[in-house]
Amino acid sequence: MNVYTYLGFRNKELVILEDEFKQVSTNLTITTDDGTYGESGYAINYLENDIEKLNIDGIFACGPLPMLKKVKELAEKSNIYTQISLEEKMGCGIGVCLGCAVKYKTETEDTFVRVCKEGPVFNAKDVEI
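The sequence shown maps to residues 47 to 175 in the working numbering.
Below you can see the structure in the form of structure tokens.
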């Protein structure tokens with residue numbers, strides 16, 4: 047199994063876990079927004095280019111919501127199975143306050159799930175972000 051890993055950071059000083067990801071990745075792409083380390087730009091752009099070139103059949107992503115929205119869009123466009131880990135504000139963390147609820151699609155209806163209880167990892171096609 048090939049594992050392609052894409053890590054994005056604002057700058058060189060914020061790069062973490064590089065050695066750990068090298069150990070478990072077939073290929074590691076590190077990007078910095080300002081170009082001070084690795085490739086310049088956003089990691090999502092490198093993933094998008096590789097989706098077209100490589101036989102990527104699954105995506106597992108965590109990060110800021112705008113990036114996760116782009117990952118979800120790419121996955122749907124390319125029909126790639128994708129799991130995303132959502133980062134929502136959790137008022138109570140035990141599912142009572144519903145502060146972390148996100149819209150969830152089922153075959154028959156749309157409902158809401160709590161990121162703190164039913165998540166934080168979801169199939170990207172099932173959640174509206």
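Heads up, the beta-carbon is just placed ideally off N, CA and C, and yes, glycines get one too.
* To do: Over the uninterrupted alpha helix (DSSP H) stretch that includes Asn95, give me the two end residues.
  => Within the sequence shown, residue 95 is the residue found at index 49, counting from 1. It spans Ala89 to Lys99 - the alpha helix (DSSP H) in which Asn95 sits, taken as one unbroken run.
* Asked: With burial defined as no fewer than 16 other Cβ atoms inside 10 Å of the residue's Cβ, what is the status of Leu93: buried or exposed?
  -> To locate residue 93, count along the sequence shown from 1; it is residue 47. Label assigned to Leu93: buried.
* Between Ala107, Asn57 and Asp65, which lies nearest to Gly84 when the distance is taken from Cα to Cα? -> Position 38 of the sequence shown, counted from the start, is the residue given in the question as residue 84. Among Ala107, Asn57 and Asp65, the Cα nearest to that of Gly84 belongs to Asn57.
* At least three beta-carbon pairs within less than 8 Å, the segment 101-108 to the segment 142-150 -> Output reads no: the segment 142-150 does not touch the segment 101-108.
* To do: Starting from Lys135, trace the alpha helix (DSSP H) both ways and give me its first and last residue.
  => Within the sequence shown, the letter at position 89 stands for residue 135. Segment: none, Lys135 is in no alpha helix (DSSP H) and carries neither H nor E.
* Asked: To which residues does DSSP link Lys151 through a beta bridge?
  -> Mapped onto the sequence shown, residue 151 falls at position 105. In the DSSP assignment, the residues bridged to Lys151 are Asp156.
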